[in-house]
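So the structure is just underneath, and the comments pick up after that.
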Amino acid sequence: MDDFLIRAGLAGIVAALVAAPLGCLVVWRRMAYFGDATSHAALLGVALGLLAGLPIMFAVTALAAAMALTVTAATAAGRYAMDTVLGVFAHAALATGLVSLALLPGVRVDLMAYLFGDILAVGWDDLTLIAAGGAVILAVTGLFWRSLVNGTLSPELMVAEGGSLVRDRLVLTLLLALFVALAMRIVGVMLITSLLIIPAAAARPLSRTPEAMALGAALVGTVSVVGGLWLSFTLDSPTGPSIILAAAAFFCLANAIATLRR
Amino acid sequence: MSGLLRAEGLSFRQGGRRILDDVNIDIAEGEIVTLVGPNGGGKTTLLRLLIGTLRPGSGRVIRRPGLRLGYTPQKMQIERTMPMRVGRFLSLSGGLKHGARAAVLDRVGATGLESAQLSDLSGGEMQRVLLARALLREPHLLILDEPTQGLDQPAEAAFYRLVSEIRAERGVAILLVSHDLHVVMGACDRVICLNGHVCCSGAPDHVTADPAYQRLFGSRADFALYRHRHDHSHDHGHDHGHEHGHEHGDAQGHGHDHGHGHTHGPAQPPRASAPDHAAS
């Protein structure tokens, strides 16, 4: 087996492990569109990073975080329904990113790599960065887990028990932004939300506690990465979409099992 | 007076609309205060200001230093997307011994529910589990947001009885929101009637006699008055005459229910057409 497949597998597994608890929170809080808006902003981050000569991962994290905070503020203004606001921002961000990448002077970018990921091109340097970022996200998620789950159940309950609403929003927003930067190489901006949602949704019918659901999502995500790589290798199919395809298959399987059990 | 929580001149606006205007509230140790008022009268907003998920436009909330709050939300956003065992839900309130959980579930009459899924609980069971979680924190002040919404009359009466007992045992102060004053009346010390501002407040019989209260609640106020006279004459301020012995759950030795039933039988407005549930 080639080196690049091992690197790809490791990077994908890190992303799947990190996606699991975050994905559960996104599913519970109905933030799927929010994930789209945040990840689509990443494309604009790439353009800005290239233009300003900043490290791409840094620029992407910053833009994704800025987008997440903007969307939160725009939603709070309450002029439109939440899904309308998010729909506008998600697609406007995507369009702006595409246009600015095309207008970037003297740079030719591999657009497909940003849109759908380029996991096979992950080098040892990238892998180190992804692993470090993943470790930070997992550590912070673990530290705030109880409060994040409580905030999902009821913001009033969390605050009454001594939590902070601002901290809750900020922690989740920044974690998601960091995750976007990390997962962009692996599945691309178009599929980041699906890496969050599909494994978590697959784990739902077979779990009885929030933690079990997060572990289940980690398992589904990991197996999907391996399965997707294998699929991509044997069929010569695009890798990012193959990973998501595998996850979707597990989603169907989990629901079939849950239906039969009943 | 040993105040636990005090609100001074709270005002809150949302989108140019004034929700609350110059609200003053004081909650003392060990008292049960009921917040009543029409929908849109700002009850939930006031709770959020007191808890701290909303910031007042003006005014302030002062808590006694070290005050521990217990809170039961009216609704939780779990639905079916989040799996949650009752036991895990209780432990999420923060580092408590395993034994304490079973004991507190026993106390609120939710024995043996620890491994049940939250989404499978009935309305009454859910309220008891929420109360159990709040009690696990050994709070000085319990805030209950419409704890009996969706419960039928006997379950509602049983829940308020439980609340009174817990206050008696623990000396915890309780602030609760209710849409249905005449059911809570016997269980509480003080009523605050809220409609954007405090319309009237005081002992339950004082409030129901207040013209401001009667303007807001119309015929319901008459009914409450009627109930009040009735309760008074029988000196059963803490009970309600509509149970007729068919109450399920743990009837905690209130043997005078039957007596009530036939005493006011003919004069009693038909329960089924009481407007409070339909209106809420």
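So the protein sequences, as listed, match chains A and B. Be aware that the first sequence starts at 75, since it is given in the numbering used here, and climbs by one per residue. Be aware that the second sequence starts at 125, since it is given in the numbering used here, and climbs by one per residue. Idealized CB from N, CA, C, for every residue including glycine.
- request: Using a threshold of 8 Å, state whether the C-beta atoms of P180 (chain B) and L173 (chain B) are closer than that.
  value: In contact: P180 (chain B) and L173 (chain B) (Cβ atoms closer than 8 Å).
- request: Compare the Cα-Cα distances from L62 (chain A) to each of A:A116, A:E285, A:R335, A:A274 and report the closest residue.
  value: Nothing about residue 62 (chain A) can be reported from this structure: the residues present for chain A run from 75 to 336 only.
query: When the Cα atoms are used, what is the spatial distance from P312 (chain A) to E230 (chain A)?
result: Between the C-alpha atoms of P312 (chain A) and E230 (chain A) there is a straight-line separation of about 45 Å.
task: For A403 (chain B), collect the residues of the same chain with a Cβ closer than 7 Å to its Cβ; drop the 5 residues on either side in sequence, then sort them by chain order.
output: Residue placement at A403 (chain B) is poorly supported in this model, since its pLDDT is 36, which falls under 50; the coordinates are not used for a value here.
CA-to-CA distance, M232 (chain A) to T158 (chain A), given in whole angstroms: Taking the straight line from one Cα to the other gives about 28 Å.
query: Below 8 Å between beta carbons: does that hold for L137 (chain A) and L118 (chain A)?
result: yes
Within 8 Å, strictly: CB atoms of G295 (chain A) and P279 (chain A): no
message: Among the candidates A:L203, A:G197, A:R241, A:L194, whose CA atom is the shortest distance from the CA of S221 (chain A)?
response: A:R241
task: Return the chain-ordered ranges of every beta strand (DSSP E) run that is complete within the segment 160-195 of chain B and spans a minimum of 3 residues.
output: 182-187
CA-to-CA distance, Y107 (chain A) to H165 (chain A), given in whole angstroms: 10 Å
query: So, helix, strand or coil for T158 (chain B), using DSSP?
result: strand
query: With respect to the alpha helix (DSSP H) encompassing L342 (chain A), which residues constitute its N-terminal and C-terminal limits?
result: Nothing can be reported for residue 342 (chain A): it is not among the residues displayed for chain A, which extend from 75 to 336.
message: I need the DSSP call for N329 (chain A), collapsed to helix, strand or coil.
response: helix
task: Leaving out five residues on either side along the sequence, give the residues of the same chain with a beta carbon under 6 Å from the beta carbon of V232 (chain B).
output: R252, L255, A256
- request: Would you check if there are 3 or more beta carbon pairs closer than 8 Å linking the segment 239-255 of chain A to the segment 292-306 of chain A?
  value: Contact between the segment 239-255 of chain A and the segment 292-306 of chain A is absent: fewer than three C-beta pairs spanning the two stretches fall below 8 Å.
Simplified DSSP assignment, three categories, for Q138 (chain B): strand
message: How far does the beta strand (DSSP E) with C98 (chain A) in it extend, from its first residue to its last?
response: Here C98 (chain A) belongs to no beta strand (DSSP E); instead the alpha helix (DSSP H) covers 77-102.
- prompt: What does P197 (chain B) reach in chain A if we use C-beta pairs closer than 7 Å?
  reply: S228, E230, L231
query: the segment 162-185 of chain B: which residues have C-beta closer than 8 Å to a C-beta of chain A, in chain order?
result: L171, R172, I175, G176, T177
task: Consider the Cβ of M156 (chain A): report whether some Cβ of chain B lies at a distance smaller than 8 Å.
output: no
query: Listing by chain order, which chain B residues have their CB less than 8 Å from the CB of G152 (chain A)?
result: G139
query: Which residues of chain A have a Cβ atom closer than 8 Å to the Cβ of S302 (chain B), listed in chain order?
result: Result: empty, since nearest Cβ-Cβ is about 17 Å, beyond 8 Å.
task: Rank B:T168, B:D145, B:L178 by C-alpha distance to the C-alpha of Q198 (chain B) and give the top, closest one.
output: Of all alpha-carbon atoms in B:T168, B:D145, B:L178, the one lying nearest the alpha-carbon of Q198 (chain B) is that of B:T168.
- prompt: Excluding five sequence neighbours on each side, which residues of the same chain lie with their C-beta closer than 8 Å to the C-beta of L265 (chain B)?
  reply: L128, L129, I151, L191, R192, L193, G194, V296, A297, I298, L299
- prompt: From this set, B:N319, B:L260, B:R314, which residue's C-alpha is nearest S325 (chain B)'s C-alpha?
  reply: B:R314
task: Work out the CA separation of P95 (chain A) and F78 (chain A) for me, nearest whole Å.
output: 27 Å
- prompt: Just reading off the alpha helix (DSSP H) that G216 (chain A) is part of, what are its end residues?
  reply: 198-227
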